[in-house]
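These notes concern the structure reproduced below.
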Amino acid sequence: MTEVIALQRAVDFVIDPVGFRNPADADALVHLLDCYARDPMGGGEPLADDVRARLPMALAGVPGAFAFLARIGDRPVGLAICFTGFSTFAAAPVVNIHDVSVHSAQRGRGIARALFARIEAEARSRGACKITLEVLSGNQPAKRLYKSLGYNDYTLDPEAGHALFWQKRLT
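The sequence shown: position 102 = 1547 (the numbering used here), numbered continuously.
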């Protein structure tokens, strides 16, 4: 059994930028995002059909949007979707990791770490002052990974507490 696990961990993967207008990349992006959406940490529900149909071209139209796919051979196994924003306090770009997921059967192989390394390289190339992300408080595996990569709660002043991510749905 240990030999099988060691062999599985040694499988090579590649990480490439997503071409939102490339049909194969678009299909892989939608497939992996749908897998993530169905996971309890992604909400536990599939993407709506209209979202699946519109998503790649909608992303192509968002200035500063970029994404990476991890593949083993021609099989997509990991995804990160990011957006470039702006920090008024630093007067510099900020990269936000909006979605990151590795297919459940491929976790524990370093794919997420490699995605994060690729995101960080891209953020540096864009002159970003920081990278941000949101994580569910109960997603302990993700929190362990993010902390090991240097991510922490956002705090300006400890007495004021750490930042919370809130939302107001409009549709």
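In this text, a Cβ means the ideal position worked out from N, Cα and C, and glycines have one as well.
All of these numbers come straight from a predicted model, not from anything done at the bench.
Given that a residue counts as buried once 16 or more other Cβ atoms are within 10 Å of its Cβ, and exposed if not, what is residue i?
i: L1524; result: buried
i: L1609; result: exposed
i: Q1585; result: exposed
i: P1485; result: exposed
i: H1548; result: buried
i: Y1481; result: buried
i: F1561; result: buried
i: L1492; result: buried
i: F1534; result: exposed
By Cβ distance, which residues of its chain are closer than 7 angstroms to residue i, with the 5 residues on each side in sequence left out?
i: F1511; result: P1462, C1527, E1567
Any idea what DSSP makes of residue i, helix, strand or coil?
i: P1538; result: strand
i: R1571; result: coil
i: F1528; result: strand
i: P1462; result: strand
i: F1610; result: coil
i: V1547; result: strand
i: G1487; result: helix
i: V1475; result: helix
Taking 7 angstroms as the cut-off, is the C-beta of residue i nearer than that to any heavy atom in the ligand PLP?
i: V1545; result: Among the components of this structure there are no ligands whatsoever, and the ligand PLP is therefore not found.
Tell me, to the nearest whole angstrom, how far the beta carbon of residue i is from that of residue j; I am working on the premise that it is less than 8 angstroms.
i: I1517; j: F1458; result: 5 angstroms
i: V1545; j: K1575; result: In fact, because the Cβ distance is near 16 angstroms, the residues do not count as touching under 8 angstroms.
i: I1564; j: A1515; result: Between A1515 and I1564 the Cβ distance is about 12 angstroms, and since that is not below 8 angstroms, they are no contact.
Can you name, in chain order, every residue of its own chain whose Cβ lies under 6 angstroms from the Cβ of residue i, other than the five neighbours on each side?
i: R1497; result: V1475
i: L1578; result: I1542
Discussion item. Count Cβ pairs between the segment 1502-1510 and the segment 1551-1559 that sit closer than 8 angstroms; are there 3 or more?
Written reply: Too few Cβ pairs lie closer than 8 angstroms, so no.
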